[in-house]
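Everything in the sequence shown is counted per our numbering, starting at 440 for the first residue and increasing by one.
Ideal Cβ placement from N, Cα and C applies to all residues, glycine included.
Note that the structure is predicted; figures quoted are calculated from it, not measured.
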Amino acid sequence: MSSSKSAPDAPKQPGRRYPKGVARREQILRTALEVFAHEGDRKASLREIADRVGLTATGLTHYFGSRDELFLAIIDERDREATEAAEGVTDSLQAVARTVAHNMDVPGLVRLYVAMTAAAADPASPAGPYFARRYEGLHAALKLGIEAMQQQGRARADVGADELARLVIATIDGVQMQWLVNPAVDMVRVVDGLVTLITGPVAP
440 MSSSKSAPDA PKQPGRRYPK GVARREQILR TALEVFAHEG DRKASLREIA
490 DRVGLTATGL THYFGSRDEL FLAIIDERDR EATEAAEGVT DSLQAVARTV
540 AHNMDVPGLV RLYVAMTAAA ADPASPAGPY FARRYEGLHA ALKLGIEAMQ
590 QQGRARADVG ADELARLVIA TIDGVQMQWL VNPAVDMVRV VDGLVTLITG
640 PVAP
């Protein structure tokens, strides 16, 4: 789930980075976000990115260490943009719902995110520790936000904030997968329904 809350530490980068290399890396990431927004094939996307920035596909990974590290850096950059877009939104659940609404316009990035979460199950993949940090950071931010809402009487208190936070994350990841295989699924409506369940009155 691309998220606007508490992104994890950025993937490790190889060697010392000089100003020119940093600028080149940022150019690659900006281009990658544009390409991956709608392109679902990772190999084709790498070729497209490489062509746009005047490098080979192998040359791209030179700035990130490996292909997977590049993919994780793209997810990080998307998170950074989502955080900026949610600036001023104090309600954690509304910030997440806004991100999900945006994700419907960038299917390629959602497809990349889902593919990398699947790769996280491989002990040899850098996606494993990356997503472990990412999920815990997102969970901590959501839990804190939900606890504040519970204290203000704006969220149900019969279920713990810890469980509700994990339910939000699980729902969003699950509905994104369903949407990829069936674009008729309305992710926004599903997430809005979950928010209503969390913030609405508890039935007697």
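(Q) So for ARG605, helix, strand or coil by DSSP? (A) Helix at ARG605.
Q: Tell me whether TYR457 is buried or exposed, calling it buried when 16 or more other Cβ atoms sit within 10 Å of its Cβ.
A: With a pLDDT of 47 at TYR457, under the threshold of 50, the modelled position of this residue cannot be trusted; read the value that follows with caution. With a 10 Å radius around the Cβ and a threshold of 16 neighbouring Cβ atoms, TYR457 comes out exposed.
Q. Among the residues of its own chain, which have a CB less than 8 angstroms from the CB of VAL634, if the five just before and after it don't count?
A. Correct list, in chain order: LEU532, GLN533 and ALA536.
Q | Counted within 10 angstroms of its Cβ, other Cβ atoms place VAL630 as buried (16 or more) or exposed | A | The residue is buried, with at least 16 neighbouring Cβ atoms inside 10 Å.
Q: Go ahead and label GLU575 buried or exposed: buried means 16 or more other beta carbons lie within 10 angstroms of its beta carbon, across all protein chains shown.
A: Exposed.
Q) Based on Cα-Cα distance, which residue from ALA594, TYR502, GLU478 and ALA476 lies nearest to ILE467? A) It is TYR502 whose Cα lies nearest to the Cα of ILE467.
Q. Using the C-alpha atoms, what's the distance from ALA594 back to ILE637?
A. Their Cα atoms are separated by approximately 6 angstroms.
**Q.** Distance CB(TYR569)-CB(LEU499) smaller than 7 angstroms
**A.** Result no, Cβ atoms of TYR569 and LEU499 do not sit closer than 7 angstroms.
Q: Let me know if ASP507 comes out buried or exposed under the rule of 16 or more other beta-carbons within 10 Å of its beta-carbon.
A: It is buried - the Cβ of ASP507 has at least 16 other Cβ atoms within 10 Å.
Q: Report all residues from its chain with a CB closer than 6 angstroms to the CB of THR497; omit the five preceding and five following residues, and keep chain order.
A: Here the set comprises nothing.
Q: Within its chain, find whatever has a CB closer than 6 angstroms to the CB of ALA558; leave out the 5 residues flanking it on each side and keep chain order.
A: Cβ neighbours of ALA558 beyond the five flanking positions: SER564 and ALA566.
Q. Taking all protein chains shown into account, do 16 or more other C-beta atoms lie within 10 angstroms of the C-beta of ARG455, making it buried, or fewer, making it exposed?
A. Note that ARG455 scores 48 on pLDDT, short of 50, meaning its location in the model is unreliable; the coordinates nonetheless yield the value given after this. It is exposed - the Cβ of ARG455 has fewer than 16 other Cβ atoms within 10 Å.
Q) What number of angstroms, rounded off, separates the C-alpha of ILE488 from the C-alpha of ARG469? A) For ILE488 and ARG469, the distance between alpha carbons rounds to 10 angstroms.
Q. CA-CA distance, VAL474 and VAL545?
A. Straight-line spacing of the CA atoms in VAL474 and VAL545 works out to 10 angstroms.
**Q.** Contacts around ALA596, its chain only, beta-carbon distance under 6 angstroms, and the 5 residues preceding and following it disregarded
**A.** Contacts found: GLN589.
(Q) Using only the alpha-carbon positions, how far apart do MET626 and LEU619 sit? (A) Distance between the alpha carbons of MET626 and LEU619 is about 10 angstroms.
**Q.** For VAL539 and GLY584, the rounded distance between their alpha carbons
**A.** For the pair GLY584 and VAL539, the Cα-to-Cα distance works out to about 17 angstroms.
Q: Starting from the C-beta of VAL461, find all residues in its chain whose C-beta is less than 7 angstroms away, skip the five residues before and the five after it, and write them out in chain order.
A: Same-chain partners within the cutoff: there are none.
Q | Alpha-carbon to alpha-carbon, MET543 and THR610 | A | Each residue's alpha carbon lies about 15 angstroms from the other.
Q: Find the nearest neighbour of ASP601 within the set ASP612, VAL614, ARG573 and ALA579, judged by alpha-carbon distance.
A: For ASP601, the nearest C-alpha among the options comes from ALA579.
Q. What residue range is occupied by the uninterrupted alpha helix (DSSP H) comprising TYR574?
A. Per DSSP, the unbroken alpha helix (DSSP H) holding TYR574 starts and ends at 566-590.
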